[in-house]
Structures are given as C-alpha cells and as structure tokens.
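Chemist: Submitted below is the structure of interest, expressed as structure tokens.
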Ligand code: PEP
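Residue numbers (my numbering): 20 to 270.
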C-alpha cells in the first residue's frame, strides 16, 4: 500500500519568527504523530537548520525546495545535497513549475538533481505538469509524459520507488483554480500507466501527489481518487489551521 504524503511548500515566505510560530501552531493542531499520513514541510533554506530541532520529537518531515547536483565547489548561490542532509532534511522538491518558469530549469537539470538526491538518500519530489495553453491544445499528456521520461532517465528500478511524483498542472498553482478530482485522477492514472511501461510492477509503489490550489474544501474528494496518493500544498500550508485540516482529511 502507498502511504499518503502531504507536503507544505512554503515557497519564499516566512521570516524566522513567523516560521517558528507556524511550526509551533501546526504541532498544536496535529500533535507529534501524523499517523497514516506522511507529512513534510518545505521551508526556505535559511530556516531549515533552525526548524529541525523543533520537529525532532514529531513525525513531521523536513525538506528543501531545491538543490544543486554537484557535491561542492564554485557554484555561488547554490546549495548541495550534503548541505541539506546537514541541515536535517530528508526530502527535496525538484523541478517545481516556478523553478522551471522563472529560473529556466530543464528536465535535463532536474534529472541530474534527481540522481544526486537519490545517491545522498534524500526523498525527491519530482514535479511535472502542463501549462494552460498546452492543456487547451490537447497536449497535456504528451507534455507530462515527456517530462517524466526525461526527468527520470536512468533511474534504476531499485531506486524509482523512492521517488515521489507531484502532478501540478501549472494553471492550477496559486490561482485558486483546481483540477477537478476526475481531471486529476485521469492524469494520475496516465502517469502510473507510463511508469508501468518503464518500471513494470514498481509503478504501483510510486506515490503520485496532486498539487494546485489544494484546500481543506477539496482535499477529501481528491484523496478519494485511486491514483492520488497525497498533495503538495502551497498557499494553504502557510497557515497552521488550513494545513492541519488538509492533513486530517480523513477525520
Ligand atoms: C505549489 O506550490 O506546489 C502549489 C501547488 O501551490 P498552491 O497550493 O498555492 O496552488
């Protein structure tokens, strides 16, 4: 069985004081045990090392929003996998659509990052998803398939089950517009079929999260879909009450 995974991507939000407050509030809302749901927060780099001790007694995981593929060296402004481990991270988001769009991340770069993240034992969340124009042109599946194939190139069948895929239609991110549960399920099913064609039965073990304006109001219906194994949440993870409601979608 695939354990549902719910991530909170804080993006470029929260100062130190605000972040500590949010984590304390979240712990107050959900307690230290997260039960049958895996919960991870993805704060900005500067907060990771400070938040790590606050999460120590809890089952809330810590992850970063990005990393570079080289181990160390003259790469001004970049952060390595080793540094993330050092800061207490176990997860890393790779290829978020905002990084693809504003920082020109390509599938090839994401693939290099993925290979490094796996070699350091980090759990990677690899984001894929089509833009609105692409969906309107009927190219959504083709785009997502291409992203999957390129981003996961060369990953062994032993390693592929450690990868989490986040399907995030770009038109639904931060817009308030969500794919309907049926639309999301259709693409998640498509993704799993593609994964099956590449890694056979291992595809059943790979978790596929949905991301794009997930809120307390829509999480239940999304999670009812057979191929949706969790959510990557942006805006609604910035408040403890809304993120906690999403985490506790089963109650
Ligand atoms: C995201 O950041 O991955 C995301 C899906 O954002 P939002 O929930 O705000 O749409």
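Where is the CB? At the ideal position from N, CA and C, for every residue including glycine.
Report the residue ranges of all beta strand (DSSP E) runs contained in full by the region 130-189; include only those spanning at least 3 residues, in chain order.
Modeler: Counting only runs of 3 or more, we get 142-147 and 183-186.
Chemist: Give the range of the beta strand (DSSP E) segment to which residue 203 is assigned.
Modeler: On the chain shown, position 184 is the one that residue 203 refers to. From DSSP, residue 203 is part of no beta strand (DSSP E) but of the alpha helix (DSSP H) over 200-218.
Chemist: Give the single residue among 257, 266, 263 and 264 whose Cα lies nearest to the Cα of residue 30.
Modeler: For this step, residue 30 is matched to residue 11 along the chain shown. Per the Cα distances, 257.
Chemist: Please state if the CB of residue 99 and the CB of residue 272 are separated by a distance shorter than 7 Å.
Modeler: Examination of residue 272 is not possible in this model, given that the chain is present from 20 through 270 alone.
Chemist: On the DSSP bridge list, what partners appear for residue 230?
Modeler: Mapped onto the chain shown, residue 230 falls at position 211. DSSP output for residue 230 lists 251 as bridge partner(s).
Chemist: Say yes only if the C-beta of residue 32 is nearer than 6 Å to one or more non-hydrogen atoms of the ligand PEP, and no if none qualify.
Modeler: In the chain shown, residue 32 corresponds to position 13, counting from 1. No, since every heavy atom of the ligand PEP falls outside the 6 Å radius drawn around the Cβ of residue 32.
Chemist: Between 241, 188, 155 and 211, which lies nearest to residue 182 when the distance is taken from Cα to Cα?
Modeler: Stepping through the chain shown from its first residue, residue 182 is reached at position 163. Ranking the options by Cα distance to residue 182, first place goes to 211.
Chemist: So which of 79, 54, 241 and 250 has the shortest CA-CA distance to residue 205?
Modeler: Here the question's residue 205 lines up with position 186 in the chain shown. Selected option, being the one with the closest Cα: 241.
Chemist: Under 7 Å between the Cβ atoms of residue 71 and residue 107?
Modeler: Counting from one through the chain shown, the residue named residue 71 turns up at place 52. Counting from one through the chain shown, the residue named residue 107 turns up at place 88. Result yes, Cβ atoms of residue 71 and residue 107 sit closer than 7 Å.
Chemist: By how many angstroms is the C-alpha of residue 92 removed from the C-alpha of residue 237?
Modeler: Position 218 of the chain shown, counted from the first residue, corresponds to residue 237. Position 73 of the chain shown, counted from the first residue, corresponds to residue 92. Answer to the nearest angstrom: the Cα atoms are 44 Å apart.
Chemist: Which residue marks the beginning of the alpha helix (DSSP H) containing residue 273, and which one marks its end?
Modeler: The question about residue 273 has no answer, for the chain in this structure spans 20 to 270.
Chemist: Closest to residue 97 by C-alpha separation, out of 117, 77, 122 and 239, would be which residue?
Modeler: One-based indexing of the chain shown puts residue 97 at position 78. That would be 122, whose Cα lies nearest to the Cα of residue 97.
Chemist: Count the other C-beta atoms from every protein chain shown that fall within 10 angstroms of the C-beta of residue 119, then say buried if there are 16 or more, exposed otherwise.
Modeler: As a working note, residue 119 is residue 100 in the chain shown. Buried.
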